[in-house]
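Have a look at the structure below, then the notes.
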Amino acid sequence: QMQDLASRYKFSPMAGECPCGEEVAGYIADKFQKFGPPLFLKRDNGGNLNHPAVNDVLSEHFVIPLNSPVHYPPYNGAIEKAQTELKNGLVEKLAYRPCCPREHIEAYAAAVEHDLNHQPRPCLDGKIACQVFFTNRRAFSKWERRDAYVWIKSLQNDILCTEGVQPQAAWRIAAEAWLSKNGLITVTQNGKVSPNFF
Numbered sequence: 022q023m024q025d026l027a028s029r030y031k032f033s034p035m036a037g038e039c040p041c042g043e044e045v046a047g048y049i050a051d052k053f054q055k056f057g058p059p060l061f062l063k064r065d066n067g068g069n070l071n072h073p074a075v076n077d078v079l080s081e082h083f084v085i086p087l088n089s090p091v092h093y094p095p096y097n098g099a100i101e102k103a104q105t106e107l108k109n110g111l112v113e114k115l116a117y118r119p120c121c122p123r124e125h126i127e128a129y130a131a132a133v134e135h136d137l138n139h140q141p142r143p144c145l146d147g148k149i150a151c152q153v154f155f156t157n158r159r160a161f162s163k164w165e166r167r168d169a170y171v172w173i174k175s176l177q178n179d180i181l182c183t184e185g186v187q188p189q190a191a192w193r194i195a196a197e198a199w200l201s202k203n204g205l206i207t208v209t210q211n212g213k214v215s216p217n218f219f
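In structure tokens form, the structure reads like this:
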């Protein structure tokens, strides 16, 4: 499952067995070719998502990887919700087809994705993901992505001078600082977790 966080636009999912790193890399490369590469790609710590082949595709396009903190699913809350929506949609579509052949699952998953991409969403002021994704996209050039990476890497190195900070945590803090500095996100505290002051 892959989606654009700003618009909630969902790309056709990979269906079937758990894909290996090379398959994930091919899937991502295909999406970059079709829709253009994003500035960031959030991912969890799965071996197939952190595979050298995946990292090569990200490096080639200067896409900045952003890994979730270990054992903290809320960091990727939007994609977790998207997976739940996909699974619930599949259950609904397959309710009357208990003997659906395995090779048909991908087609049903694509139909669910289509339905979800054309569903009005309160977080989009009632618009649909498809409309928002294709009309409000901000494309970053390869050089803008490279410059962002260099800035984030430099701040990560400064943060790592602080004793006890893990490299992945420093990377996430630096990425958040870049996004905030460039007006792409607004950081708020929800009061459910203890604050992390830098």
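Heads up, the numbering used here is the position in the sequence shown plus 21, with the first residue counted as 1. We treat Cβ as the ideally placed atom computed from N, Cα and C, and that holds for glycine.
Can you give the beta carbon distance from Ile49 to Val75, rounded, assuming they're within the 8 Å contact cut?
Numbered from 1 along the sequence shown, position 28 holds the residue referred to as residue 49. Numbered from 1 along the sequence shown, position 54 holds the residue referred to as residue 75. Right, the Cβ-Cβ distance comes to about 6 Å (below 8 Å), so this counts as a contact.
When DSSP labels each residue in this structure, what does Gln54 get in the three-state scheme?
Numbered from 1 along the sequence shown, position 33 holds the residue referred to as residue 54. Looking at Gln54 - three-state DSSP - the assignment turns out to be helix.
Considering only the alpha carbon of each residue, which of Ser89, Met35, Met23, Glu134 lies closest to Pro59?
Along the sequence shown, read from residue 1 onward, the residue named residue 59 stands at position 38. It is Met23.
Just list the residues that DSSP pairs Gln24 with in beta bridges.
For the purposes of this step, residue 24 is taken as residue 3 along the sequence shown, with counting starting at 1. Gln24 is bridged to Lys31.
Three-way DSSP call (helix, strand, coil) for Lys148 in this model:
Counting from one through the sequence shown, the residue named residue 148 turns up at place 127. Reduced to three states, the DSSP call for Lys148 is coil.
Cutoff 8 Å; reference Phe219; Cβ partners in own chain excluding five residues on either side:
Position 198 of the sequence shown, counting from 1, holds the residue named residue 219. Caution applies to Phe219, whose pLDDT of 48 falls short of 50 and renders its modelled position unreliable; the model cannot decide the point.
Which of the three DSSP states, helix, strand or coil, is assigned to Asn88?
Taking the sequence shown and counting its residues from 1, one reaches residue 88 at position 67. Here Asn88 sits in strand by DSSP.
Decide yes or no for the touch test of the segment 140-152 against the segment 125-132: beta carbon pairs closer than 8 Å, at least 3 of them.
no
Could you tell me the distance, in whole angstroms, from the CA atom of Ala103 to the CA atom of Asp136?
As a position in the sequence shown, residue 103 is number 82, starting the count at 1. As a position in the sequence shown, residue 136 is number 115, starting the count at 1. Cα to Cα, the separation comes out at about 12 Å.
Rounded separation between Gly98 and Pro122 - CA only
In the sequence shown, counting from the first residue as 1, residue 98 sits at position 77. In the sequence shown, counting from the first residue as 1, residue 122 sits at position 101. Distance between the alpha carbons of Gly98 and Pro122 is about 31 Å.
With Arg159 as the anchor, note down where its alpha helix (DSSP H) starts and where it stops.
Here residue 159 corresponds to residue number 138 of the sequence shown, with the count starting at 1. Following the DSSP letters along the chain, one finds Arg159 in no alpha helix (DSSP H), marked with neither H nor E.
Sheet register partners of Arg64 (DSSP bridge)
Within the sequence shown, numbered from 1, the residue matching residue 64 stands at position 43. Answer by DSSP bridge pairing, in chain order: Asn88.
What are the start and end residues of each continuous alpha helix (DSSP H) run of 4 or more residues lying completely inside the segment 185-216, in chain order?
188-202
Local conformation of Pro141 per DSSP, three classes:
Against the sequence shown, residue 141 aligns to sequence position 120. In this structure, DSSP gives Pro141 an extended state, which the three-state scheme calls strand.
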